[in-house]
Amino acid sequence: MVVRVERALSPGLRLLLRHPDLKRQYAKTLALLEANPHRSSLRLHALAGKHQGLHSVSINLWYRITLELLIHDTVITPINVGDHEDVC
650 MVVRVERALS
660 PGLRLLLRHP
670 DLKRQYAKTL
680 ALLEANPHRS
690 SLRLHALAGK
700 HQGLHSVSIN
710 LWYRITLELL
720 IHDTVITPIN
730 VGDHEDVC
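Be aware that the sequence shown starts at 650, since it is given in the working numbering, and climbs by one per residue.
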């Protein structure tokens, strides 16, 4: 059996392996999310349809992170990272 290393990596790491130029923006987004998830530049919003229950924040105009946002537990769990087509 062959296991693709990329599949075993976290979504964030896979994105950075494919797009190393996004490393700084990705790290900044996570830092802002940790400091204040409601910061307007993150464009935090709830998703609908098959992704109901998840939220999305923007890394830049093309890439975003989908996540579970559990404010009452102060826990944020990143689910997926990619462009708008990848994470829809």
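Ideal placement from N, C-alpha and C gives every residue a C-beta, glycine not left out.
Q | Check: S659 C-beta below 7 Å from any heavy atom of the ligand NAD | A | For the structure depicted, the ligand NAD is absent and the ligand set is empty, with no information on it obtainable.
Q) Using CA coordinates, which residue listed in T715, L664, P669 is at the minimum distance from K699? A) T715
Q: Use the C-beta contact count for R656: other C-beta atoms within 10 angstroms, 16 or more gives buried, fewer gives exposed.
A: In this predicted model, R656 has a pLDDT of only 47, less than 50, meaning its place in the structure is not dependable enough to derive any value.
(Q) Give me, in chain order, the residues of the same chain whose beta-carbon lies closer than 6 Å to that of P727; leave out the 5 immediate sequence neighbours on both sides. (A) I714, L716
Q) So, helix, strand or coil for S705, using DSSP? A) strand
Q | In DSSP terms, what E717 is bridged to | A | T726
Q.
Please state whether the Cβ-Cβ distance between L681 and S690 is less than 8 Å.
A. yes
Q | Identified DSSP bridge partners for A695 | A | H704
Q.
I'd like the span of the alpha helix (DSSP H) that includes P660, first residue to last.
A. 660–667
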